[in-house]
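Residue numbers for the sequence shown follow my numbering, so the first one is 59 and each next one is one higher. Below you'll find the structure, written out as structure tokens, and then a few comments.
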Amino acid sequence: MKKLIALFIITLTIGMVIWWRSPATVQGPLSEQEFEYIVRTSGNADPSEALPMIIALHGHGDTPDNFFNTLLKGFDHPARFIMIKGPVDYPGVDMSGSAWPTEAGELSECGNAVADAVSVLLERYPTEGLPILLGFSSGAYMSYYIAAFHANKFSHIFPLSGRLLKDLMSTEIVSYENGARIIAFHGNSDQIVGLNQGKAAVRNLRQRGLTAELVTFNGGHLEVFYSAKHLLMNHL
59 MKKLIALFII
69 TLTIGMVIWW
79 RSPATVQGPL
89 SEQEFEYIVR
99 TSGNADPSEA
109 LPMIIALHGH
119 GDTPDNFFNT
129 LLKGFDHPAR
139 FIMIKGPVDY
149 PGVDMSGSAW
159 PTEAGELSEC
169 GNAVADAVSV
179 LLERYPTEGL
189 PILLGFSSGA
199 YMSYYIAAFH
209 ANKFSHIFPL
219 SGRLLKDLMS
229 TEIVSYENGA
239 RIIAFHGNSD
249 QIVGLNQGKA
259 AVRNLRQRGL
269 TAELVTFNGG
279 HLEVFYSAKH
289 LLMNHL
């Protein structure tokens, strides 16, 4: 009998771990786009408590799990990370990677859908204040777009090594009372997305009346995963 009870407990524990690590899905009330995502916590956080929510968007060819493990796992403050999977198949990490759109029409549609999904995520998870948004590379394209058009849904937005497409730039002044503070990061020798494109994005956001700044670091497109990682951790 004791062996059966022990086996039941082990099976239940394994099942709970698999369930916790499996992707969930989210869809905003005004959108037809559904996203897969996984949840991770940091800083020995109790998942049942209200925590800061950090929504993270990976880059081309990456996966939500790998993005967390390579960039965010070392974050030592209690937080809940919502790692959303890009909707575009783009084999990379373990041949299972994906990406975010980088063409203006698809990007804006997808960005609107991510912003729309925020209300659903806040209903699902107890959260302190407004969520934070973070995105790398194509995920940063999304982050810049959301900063330009949905900044009122977030407290901070961190675009990493990305740009705001010219077709999506606007000079229309936003009228948010409490728009997000935008802190962009960009390597000064980025050969994938040039530093000038990051500067242009931040300049356009400022022209729209948003609070935006650019943090530069020595290195290229991927350096934020290495020697520049501490800069991001200090700002988060």
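Here a beta-carbon is modelled for each residue, glycine too, at the ideal position from N, C-alpha and C.
Secondary structure note for Ile240: its beta strand (DSSP E) is the uninterrupted segment 239-245. Taking the C-beta atoms as reference points, His118 is found no nearer than 9 angstroms to Gly86.
Within 10 angstroms of the beta-carbon of His288 lie fewer than 16 other beta-carbons, which makes it exposed. In this structure, Pro217 lies near Tyr202, with their beta-carbon atoms less than 9 angstroms apart. Per the C-alpha coordinates, the member of Asn262, Phe212, Asp225 positioned closest to Asn236 is Phe212. If you draw a straight line from the Cα of Asn102 to the Cα of Glu92, it comes to about 30 angstroms. If the five residues before and after Leu253 are omitted, its C-beta is found closer than 6 angstroms to the C-beta atoms of His244, Asn246, all from its own chain and listed in chain order.
The alpha carbon of Leu226 has as its nearest neighbour, out of Glu164, Leu130, Lys143, the alpha carbon of Glu164. Between the beta-carbon of Pro159 and that of Ile112 there is about 22 angstroms, and that puts the pair past the 8 angstroms contact cut.
The C-alpha of Met141 lies about 7 angstroms from the C-alpha of Phe126. For the pair Lys131 and Pro81, the CB atoms are not nearer than the 9 angstroms cut-off. In the structure shown, the three-state DSSP call for Glu94 is strand.
A residue is called buried when at least 16 other Cβ atoms come within 10 angstroms of its Cβ; Leu179 meets this threshold and is buried. In the DSSP secondary-structure assignment, Arg182 is not bridged to any residue. The beta carbon of Gln249 sits closer than 8 angstroms to the beta carbons of Gly278, His279 from its chain, once the five residues preceding and following it are set aside; these are given in chain order.
Between Ile204 and Leu191 a beta carbon distance of about 6 angstroms is seen, short of the 8 angstroms cut, so the two are scored as contacting. In the structure shown, Leu109 falls within a strand segment according to DSSP collapsed to helix, strand and coil.
The DSSP-derived three-state label of Val232 is coil. Shown here, His214 sits in a strand according to DSSP, grouped into three states. Leu268 is a Cβ neighbour of Tyr234, given a cutoff of 9 angstroms.
Taken through DSSP and simplified to helix, strand or coil, Phe194 comes out as strand. For Leu263, the uninterrupted alpha helix (DSSP H) segment begins and ends at 253-265.
In the three-state reduction of the DSSP assignment, Leu188 falls in the coil class.
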